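Counted from 1, the sequence shown has number 34 at position 34 by full-length UniProt numbering; the numbering is strictly sequential. Idealized CB from N, CA, C, for every residue including glycine. Given the structure is predicted, the values throughout are model-derived calculations rather than measurements. Worksheet: the structure to be examined is printed underneath.
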Amino acid sequence: LRHEAPQLTGCEQQYDYLFVPDLTRAIVQTLPAAPGYSGIYNIGANRATGLKQLVDTLYEQTAAKVAVTYGALPYRPGQVMHMESNSHKFEAAFGPIVQTPLPRALAATVSYVKQSIAKV
Numbered sequence: 001l002r003h004e005a006p007q008l009t010g011c012e013q014q015y016d017y018l019f020v021p022d023l024t025r026a027i028v029q030t031l032p033a034a035p036g037y038s039g040i041y042n043i044g045a046n047r048a049t050g051l052k053q054l055v056d057t058l059y060e061q062t063a064a065k066v067a068v069t070y071g072a073l074p075y076r077p078g079q080v081m082h083m084e085s086n087s088h089k090f091e092a093a094f095g096p097i098v099q100t101p102l103p104r105a106l107a108a109t110v111s112y113v114k115q116s117i118a119k120v
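Put into structure tokens, the structure is as follows:
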């Protein structure tokens, strides 16, 4: 959005992304649960998406005219390359996590950021 060419790693990482409003809905759906539900519950999309795919989608949605330089930066020592949630325990206790498709979630995020920039 700043019209700067990002210098990135190879973006081979695979991460689990969840739109914040989806996380909020998941937390709210725990409120009517009967007493006795306790413990640690993971909340996520249950699937990893490639970081390069995410960056490419953002580029399409923002109609960016600058080139991304993949591989310009090295990975950090100990870089986590794959992170994927397992929300099955949560879903068994509280029901499915309603998820916004990633392209729609990214479009909403881009819109929010553009509006925030316009206010500054």
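Counting the other Cβ atoms within 10 Å of the Cβ of Ser38 gives fewer than 16, which makes it exposed. Ala45 is a Cβ neighbour of Leu18, given a cutoff of 7 Å. Nearest Cα to Ile27 within the set Tyr15, Asp16, Ile40: Ile40. Closest by C-alpha distance to Pro6, out of Gly95, Gln99, Lys52, is Lys52.
The beta carbon of Thr100 lies closer than 8 Å to those of Phe19, Pro21, Asp22, Ala108 in the same chain, with the five residues before and after it left out.
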